[in-house]
Amino acid sequence: MSIEAYCNREEMLDLREKLLDAEMQRTNETKKYSIEEVSQRMKTLIDKEMPKSH
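Residue numbers (this note's numbering): 105 to 158.
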């Protein structure tokens with residue numbers, strides 16, 4: 105393996121490690137919402153903002 109190929113491989117491995125680390129942080133620190141939860145929350149907010157006409 106050439107020095108250039110080795111350096112490229114090491115850079116790719118470093119990048120992969122950083123990406124995996126970022127993904128772990130993102131998934132561990134972020135609350136996840138189901139589609140139903142988001143839909144209900146949006147409906148609630150819209151109902152509060154827009155008075156119903158009777």
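All C-beta atoms, glycine included, are put in the ideal place defined by N, C-alpha and C.
Item	Value
Inter-residue Cα distance where the pair is L149 and I107	59 Å
Distance between E115 and R75 (C-alpha atoms, nearest Å)	The structure shown does not extend to residue 75, since the chain is modelled only from 105 through 158, so no value can be given for it.
For K136, three-class secondary structure by DSSP	coil
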